[in-house]
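Have a look at the structure below, then the notes.
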Amino acid sequence: KQEVTQIPAALSVPEGENLVLNCSFTDSAIYNLQWFRQDPGKGLTSLLLIQSSQREQTSGRLNASLDKSSGRSTLYIAASQPGDSATYLCAVTGTASKLTFGTGTRLQVTL
Amino acid sequence: NAGVTQTPKFRVLKTGQSMTLLCAQDMNHEYMYWYRQDPGMGLRLIHYSVGEGTTAKGEVPDGYNVSRLKKQNFLLGLESAAPSQTSVYFCASSYEVGSYNEQFFGPGTRLTVL
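Going down the list, the sequences are from chains A and B. Numbering-wise (this note's numbering), the first sequence opens with residue 1 and increments by one. Numbering-wise (this note's numbering), the second sequence opens with residue 112 and increments by one.
Now the structure itself:
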């Protein structure tokens with residue numbers, strides 16, 4: 001059974017700092033890995049999708065990497081801003097496109 | 112283009128009552144999913160559908176039923192609600208299976224069972 005772990009569970013950083021969120025998964029037989037953002041009381045917004053054959057994806061200040069063989073992904077956020085405060089979820093796609101989620105990292109960016 | 116919508120947004124039920132949650136998508140997606148989100152447990156898959164007229168069980172299907180009579184709609188039913196079903200329910204849809212399958216999520220339904 002696929003298990004996805006995210007470390008740390010919570011993180012507080014001052015504005016402007018670069019930061020890394022970690023995601024690990026136990027079964028490397030995945031189609032892709034997605035990073036989502038969730039604001040309190042809201043739904044999920046897809047940030048980046050890395051296909052299993054890719055090593056990284058970039059969108060603006062976000063960069064996600066994937067090392068499928070070791071079961072790891074990182075989400076790098078450059079020059080963090082208070083608006084980046086949210087919970088970040090990673091999820092891996094298995095058979096029938098079913099997602100298995102981690103429990104998330106709650107990020108607080110302070111002024 | 113509304114994407115994925117969910118009805119209702121909030122609901123309070125008494126133990127033993129029944130209800131249906133509606134998910135609708137206007138992106139012509141084949142695949143649709145129902146998840147529940149509980150504190151400290153992340154999102155867990157309840158049921159999913161790979162096309163009109165098909166349904167399958169996910170990780171936590173007990174106590175729920177689903178139907179996909181139309182491609183654009185996916186219904187989640189609770190026949191006899193229990194307090195353990197208090198949760199936030201999310202619907203999602205995707206176009207294809209495989210490496211470029213991006214799931215799009217609805218805004219969620221917050222359900223409380225007393």
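Quick reminder that beta carbons are idealized off the backbone N, C-alpha and C, glycines included.
- Write down the C-beta distance between A:Val4 and A:Gly102 rounded to the nearest angstrom, noting that I regard them as a contact closer than 8 Å. As a working note, residue 4 of chain A is residue 4 in the first sequence. As a working note, residue 102 of chain A is residue 102 in the first sequence. Contact flag correct, Cβ pair sits at about 4 Å.
message = I'd like to know whether the C-beta atoms of B:Thr197 and B:Pro119 end up nearer to each other than 8 Å.
response = Mapped onto the second sequence, residue 197 of chain B falls at position 86. Mapped onto the second sequence, residue 119 of chain B falls at position 8. No, the Cβ-Cβ distance between B:Thr197 and B:Pro119 is not below 8 Å.
In angstroms, rounded to a whole number, what distance separates the CA positions of B:Val224 and B:Leu189?
-> What you label residue 224 of chain B is simply residue 113 of the second sequence in a count that begins at 1. What you label residue 189 of chain B is simply residue 78 of the second sequence in a count that begins at 1. For B:Val224 and B:Leu189, the distance between alpha carbons rounds to 11 Å.
*Indicate whether A:Ser97 and B:Asn139 have their beta-carbon atoms separated by less than 8 Å.*
For the purposes of this step, residue 97 of chain A is identified with residue 97 of the first sequence, where counting begins at 1. For the purposes of this step, residue 139 of chain B is identified with residue 28 of the second sequence, where counting begins at 1. Cβ atoms of A:Ser97 and B:Asn139: not closer than 8 Å.
Discussion item. Tell me whether the stretch 112 to 127 of chain B and the stretch 162 to 173 of chain B touch, counting them as touching only if at least three CB pairs, one residue from each stretch, are closer than 8 Å.
Written reply: no
Cα separation between B:Met130 and B:Ser160? As a working note, residue 130 of chain B is residue 19 in the second sequence. As a working note, residue 160 of chain B is residue 49 in the second sequence. So the alpha carbons of these two residues sit roughly 20 Å apart.
Discussion item. Looking at chain A, is there any beta carbon in it that lies within less than 8 Å of the beta carbon of B:Leu187?
Written reply: Stepping through the second sequence from its first residue, residue 187 of chain B is reached at position 76. It does not: the Cβ of B:Leu187 has no partner Cβ on chain A nearer than 8 Å.
Identify the continuous beta strand (DSSP E) that holds B:Thr220 and give its terminal residues. The residue labelled residue 220 of chain B in the question sits at position 109 within the second sequence. Taken as a continuous stretch (DSSP letters only), the beta strand (DSSP E) holding B:Thr220 covers Thr220 to Val224.
query = Name the chain A residues that come within less than 7 Å of B:Ser205, Cβ to Cβ?
reply = Locating residue 205 of chain B in the second sequence gives position 94, where the first residue counts as 1. Ordered by position in chain A, the residues that pass the 7 Å Cβ test against B:Ser205 are Ser97.
Q.
Determine whether the beta carbon atoms of A:Phe36 and A:Ser24 lie at a separation below 8 Å.
A. One-based indexing of the first sequence puts residue 36 of chain A at position 36. One-based indexing of the first sequence puts residue 24 of chain A at position 24. Not closer than 8 Å, so no.
- prompt: B:Met143 CB to nearest chain A CB: under 8 Å?
  reply: The residue given as residue 143 of chain B occupies position 32 in the second sequence. Output row for B:Met143: interface = no.
Keeping to the same chain, check which residues put their C-beta closer than 7 Å to that of B:Gln148; ignore five residues upstream and five downstream.
-> Stepping through the second sequence from its first residue, residue 148 of chain B is reached at position 37. Contacts found: Leu154, Ser198, Val199 and Phe201.
| request: Could you round the C-beta distance between A:Leu89 and A:Leu44 to whole angstroms and report it? I think they count as a contact, below 8 Å. | output: Counting from one through the first sequence, the residue named residue 89 of chain A turns up at place 89. Counting from one through the first sequence, the residue named residue 44 of chain A turns up at place 44. That belief holds up - the Cβ atoms of A:Leu89 and A:Leu44 are roughly 7 Å apart, short of 8 Å.
- To the nearest whole angstrom, what separates the beta carbons of B:Leu132 and B:Leu187, a pair I think is in contact under 8 Å? By one-based count along the second sequence, residue 132 of chain B stands at place 21. By one-based count along the second sequence, residue 187 of chain B stands at place 76. Correct: roughly 4 Å between the Cβ atoms.
Once DSSP output is grouped into helix, strand and coil, what is the label at A:Ala96? As a first step, residue 96 of chain A is located in the first sequence; it is residue number 96 there, counting from the start. Three-state DSSP puts A:Ala96 in a helix.
**Asked** DSSP state of A:Ser46, grouped into three classes?
**Response** Here residue 46 of chain A is taken as the residue at index 46 of the first sequence, counted from 1. Of the three classes helix, strand and coil, the one that applies to A:Ser46 here is strand, per DSSP.
Q) Comparing alpha-carbon positions, which option in A:Asn18, A:Ser85, A:Gly71 and A:Leu66 lies nearest A:Ser112? A) Because chain A is modelled from 1 through 111, residue 112 of chain A falls outside the range shown and cannot be assessed.
Q. Do you know whose CA, among B:Tyr146, B:Pro150, B:Pro194 and B:Ser205, lies nearest B:Val123's CA?
A. Sequence index remark: in the second sequence, residue 123 of chain B carries index 12 (1-based). When each option's Cα is compared against that of B:Val123, the closest is B:Pro194.
Proximal residues to B:Glu163 (C-beta, below 8 Å), its chain only, five neighbours per side dropped: Residue numbering aside, residue 163 of chain B sits at position 52 when the second sequence is read from its first letter. Arg179, Leu180, Lys181 and Lys182.
task = Compare the C-beta of A:Gln57 against all C-beta atoms of chain B and say whether one is closer than 8 Å.
result = For the purposes of this step, residue 57 of chain A is taken as the residue at position 57 of the first sequence. No, because no Cβ of chain B sits closer than 8 Å to the Cβ of A:Gln57.
Checklist line | Nearest candidate by alpha-carbon position, reference A:Ala86, set A:Ile7, A:Lys42 and A:Leu107 | finding: Within the first sequence, residue 86 of chain A is the residue found at index 86, counting from 1. Of the listed residues, the one whose Cα sits closest to A:Ala86 is A:Leu107.
Neighbour list for B:Val161 in chain A, Cβ cutoff strictly below 9 Å: One-based indexing of the second sequence puts residue 161 of chain B at position 50. Chain A residues near B:Val161: Ala96 and Ser97.
**Message:** If you measure between the beta carbons of A:Val109 and A:Ser80, is that distance less than 8 Å?
**Reply:** For the purposes of this step, residue 109 of chain A is taken as the residue at position 109 of the first sequence. For the purposes of this step, residue 80 of chain A is taken as the residue at position 80 of the first sequence. Taking 8 Å as the Cβ cut-off, A:Val109 and A:Ser80 qualify as a contacting pair.
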